[in-house]
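In terms of the working numbering, the sequence shown has 248 at position 257, counting the first letter as 1, and numbering is strictly consecutive.
Cβ coordinates follow ideal geometry from the N, Cα and C atoms, glycine included.
Since the model is a prediction, treat every value here as computed from it, not as a measurement.
Below: the structure, in C-alpha cells.
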Amino acid sequence: MMVRVRRRAGGLIGRDQAGRIVGRIGSDRAGWIGSLRAGPAAPPTLNRNRTLVKRWGARRTSRQLSPPAPPVRDNVPIRIHRFEGETMRGTTVVLAEPGRIDYQEFEAVAPPPGGILMRMVRANVCGSEIHILKGHHPLVRPGCVLGHEGVGVVEALGDGVDSDFTGAPLAVGDRIVATYFQACRRCPECNNGTPHICRNAYTLWGTPAAEAPHFNGTFGTFCAIGPNQAVFKVPDSVTSTAVSSANCALSQVYFGCELGEVSLGQKVVVLGAGGLGVCASAVASRMGAEVFVAEMAPARLDKALEFGAHHGIDLSQAEDSAGRVELIREATAGSADVVIDLTGVPDGFTEAVRSTRAGGIMVSIGNISPNRFTEFDPGLFTRSGAQIRAAIRYPGATLGRAVRFIADTPELDWGHLVDKDFAFDDIGSALEAAESRSVTRAGIVIDPSL
-8 MMVRVRRRAG GLIGRDQAGR IVGRIGSDRA GWIGSLRAGP AAPPTLNRNR
42 TLVKRWGARR TSRQLSPPAP PVRDNVPIRI HRFEGETMRG TTVVLAEPGR
92 IDYQEFEAVA PPPGGILMRM VRANVCGSEI HILKGHHPLV RPGCVLGHEG
142 VGVVEALGDG VDSDFTGAPL AVGDRIVATY FQACRRCPEC NNGTPHICRN
192 AYTLWGTPAA EAPHFNGTFG TFCAIGPNQA VFKVPDSVTS TAVSSANCAL
242 SQVYFGCELG EVSLGQKVVV LGAGGLGVCA SAVASRMGAE VFVAEMAPAR
292 LDKALEFGAH HGIDLSQAED SAGRVELIRE ATAGSADVVI DLTGVPDGFT
342 EAVRSTRAGG IMVSIGNISP NRFTEFDPGL FTRSGAQIRA AIRYPGATLG
392 RAVRFIADTP ELDWGHLVDK DFAFDDIGSA LEAAESRSVT RAGIVIDPSL
C-alpha cells in the first residue's frame, strides 16, 4: 500500500548542530497546548542524582488516571540539563487516518512520579504496525502516535525512579528498553495473575498525541514511559540495533514459547519468517526443540535458518490452504508438538490448528485484529485433543529475560535481524517496505548521534 505522509504547516524537519531532529509546527499547536488546562507551574529542577523534581503552582492538572492509580501524565514543560533555560520540543509520527501519517511537533513534559522520559535512539516497524496503519487495531486509532518497538536513553527520571525492574541503578543517559503497554495492577486481569492482558494496557499508547505527554509511541524524538510500564537497562555488551527488537518481537515469542511449553526434543513449527519468526527460531532452538519454519515468501527462510531453525518449508509451493497443511505434515511426519502462528492472516490460524498433532499445543500470536474471519472445524479440533493458547503481549519480567537472552547468545547476529535502516523523516518508506514484506525488520534511525 502507498503510505501518505503529511507534515503540519511549517513542520519541516531538519537537524540541529548536535544531530538531533528538529522541526516547526503551525499555529494549531497553540490550540492543543491551550486545551490541556494545566495550572501555573514553576519549572522542574534536577536534584543531586539528576532526578527530575517538579514544583507545582496553586492548581494541579486535571489529566490523570482515575484514583487510586498514580498519574501517568502532566503538562509541565520540561527543562533539563541538555537544554538549560529552554523548553524541549520534539517530533512524533501520528496516524492521521488509515494509510496516512503526520509528523507533528510538541513540547516535552516532565515525567510523573515513577515515570521516565526516554530519548529515542532507534525504532523498528513491527508487523502489527501495518495493522494499525490500515485502521485495524481496536485501541490504537487515528490521532495516536505510531511505533511501539525500539530502544532509547534516559532523558529524565520522574520522582522516585532510581533503578530498573531488576534493581540496577538508572541515571540520565543510560540505554533502556520498556514494555510498550502497562499493567495497571488494579483490574481483575492483573489481580488474577495475568497482567499481560490488563484491560488498561493501552491507557498511555492509546492516548491521542494532542494530549500530554504527546510522545506515546516509539516513532518520535521522545517516548513517555508511565509508572506501570516495565523498564530494563541495556547491558554495555549489547548494541542498540541488536536490542531494538527486544520489547516486542523477541519478548512476544519468548512468552509464546513458554506458553507453548516448548522443551527438549519437541518438534516446533513456526508459521511466518518475519521478525517474530526469526526470534522464535532462536528461542525455540535454544530450548532444545527441532524447529521448522514455514513461510510463503521463501527468501525470508534463510534468516530464520541463520538464527537457529533446522528446517525451512516453502509454503508457496502449495496451491491452497489444504496444500500448505499437507506440506507441514509431511515435513514433521504429522507430529508437530507445538505450532506458533505468527502470520497475522486468519487462514493461518486454521492452518496452524490443523498442523498441530493430537494433544499438541497451538500458540496464537499473529492474529491481533478483530472482525476478520476464517473457516474453522470445531468438531475436528475437539477430537484432536489439541489446545489453543493466545499470547497477547507478555508479562513485564519477560522483557528482562529477552534482554538477557540477547546478551547470552553473542553467536547470533542480532543486529542483522534489522536488515534495512530508514531515516526518521522517511518512515513512510519504512512502512511500505514492511507491508510489502521485502524486509524482515525495517529499522528507523531516530538519533544517529546516540
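Assuming residue i is part of the beta strand (DSSP E), what are its boundary residues?
{"i": "Tyr171", "result": "Tyr171 -> no beta strand (DSSP E), and no H or E assigned at all."}
{"i": "Glu450", "result": "As displayed, the chain neither begins before -8 nor continues past 441, which places residue 450 out of reach and without an answer."}
{"i": "Gly211", "result": "Neither: Gly211 is in no beta strand (DSSP E) and is coded neither H nor E."}
{"i": "Gly81", "result": "80 to 88"}
{"i": "Ile379", "result": "378 to 381"}
{"i": "Gly434", "result": "433 to 436"}
{"i": "Asp412", "result": "411 to 414"}
{"i": "Asp93", "result": "91 to 98"}
By how many angstroms is the C-alpha of residue j removed from the C-alpha of residue i?
{"i": "Ile359", "j": "Ala322", "result": "28 Å"}
{"i": "Ala349", "j": "Ile356", "result": "20 Å"}
{"i": "Gly314", "j": "Leu422", "result": "31 Å"}
{"i": "His205", "j": "Leu195", "result": "9 Å"}
{"i": "Pro337", "j": "Lys125", "result": "16 Å"}
{"i": "Arg395", "j": "Val225", "result": "9 Å"}
{"i": "Ala393", "j": "Ala285", "result": "23 Å"}
{"i": "Ala233", "j": "Gly370", "result": "44 Å"}
{"i": "Gly158", "j": "Gly251", "result": "29 Å"}
{"i": "Val112", "j": "His187", "result": "26 Å"}
{"i": "Gly5", "j": "Phe172", "result": "Unreliable placement is indicated for Gly5, whose pLDDT of 45 sits below 50; no coordinate value is reported for it."}
{"i": "Met109", "j": "Val163", "result": "9 Å"}
{"i": "Pro361", "j": "Ala398", "result": "36 Å"}
{"i": "Ala201", "j": "Thr78", "result": "17 Å"}
{"i": "Gly335", "j": "Thr400", "result": "28 Å"}
{"i": "Phe97", "j": "Gly419", "result": "20 Å"}
{"i": "Gly303", "j": "Glu249", "result": "22 Å"}
{"i": "Gly151", "j": "Glu366", "result": "52 Å"}
Is the beta carbon of residue j closer than 7 Å to that of residue i?
{"i": "Ala295", "j": "Val329", "result": "no"}
{"i": "Val100", "j": "Asp155", "result": "no"}
{"i": "Gly197", "j": "Val131", "result": "yes"}
{"i": "Ile379", "j": "Ser346", "result": "no"}
{"i": "Cys406", "j": "Thr230", "result": "The amino acid at residue 406 is misidentified as Cys; the sequence shows Gly. Going by C-beta atoms, Gly406 is nearer than 7 Å to Thr230."}
{"i": "Gly339", "j": "Asn115", "result": "no"}
{"i": "Ala264", "j": "Leu292", "result": "yes"}
{"i": "Asn238", "j": "Glu120", "result": "no"}
{"i": "Arg(-5)", "j": "Gly138", "result": "no"}
{"i": "Ser276", "j": "Gly299", "result": "yes"}
{"i": "Ala240", "j": "Leu403", "result": "no"}
{"i": "Val409", "j": "Arg432", "result": "yes"}
{"i": "Ala169", "j": "Cys189", "result": "no"}
{"i": "Pro199", "j": "Gly134", "result": "yes"}
{"i": "Asp412", "j": "Val436", "result": "yes"}
{"i": "Leu390", "j": "Ser236", "result": "no"}
Can you tell me the Cβ-Cβ gap for residue i and residue j, rounded? I've got them flagged as a contact below 8 Å.
{"i": "Pro102", "j": "Ala215", "result": "7 Å"}
{"i": "Pro104", "j": "Pro218", "result": "7 Å"}
{"i": "Ile331", "j": "Val354", "result": "5 Å"}
{"i": "Leu148", "j": "Ile123", "result": "Not a contact, Cβ separation roughly 29 Å."}
Between which two residues does the alpha helix (DSSP H) harbouring residue i extend?
{"i": "His302", "result": "Counting along the chain, His302 falls outside any alpha helix (DSSP H), though it belongs to the beta strand (DSSP E) covering 302 to 305."}
{"i": "Leu371", "result": "369 to 375"}
{"i": "Leu422", "result": "418 to 427"}
{"i": "Glu321", "result": "312 to 323"}
{"i": "Leu390", "result": "387 to 399"}
{"i": "Asn191", "result": "That residue, Asn191, is in no alpha helix (DSSP H); it is neither H nor E in DSSP."}
{"i": "Asn219", "result": "Neither: Asn219 is in no alpha helix (DSSP H) and is coded neither H nor E."}
{"i": "Asn115", "result": "Element bounds for Asn115: not the alpha helix (DSSP H) but the beta strand (DSSP E), 107 to 116."}
{"i": "Glu180", "result": "179 to 182"}
message: What ranges does the beta strand (DSSP E) occupy inside the stretch 330 to 360, keeping only unbroken runs of at least 3 residues that lie completely in it?
response: 347 to 355
- prompt: Which full runs of the beta strand (DSSP E) of 3+ residues lie inside the stretch 223 to 309, going along the chain?
  reply: 258 to 262, 281 to 286, 302 to 305
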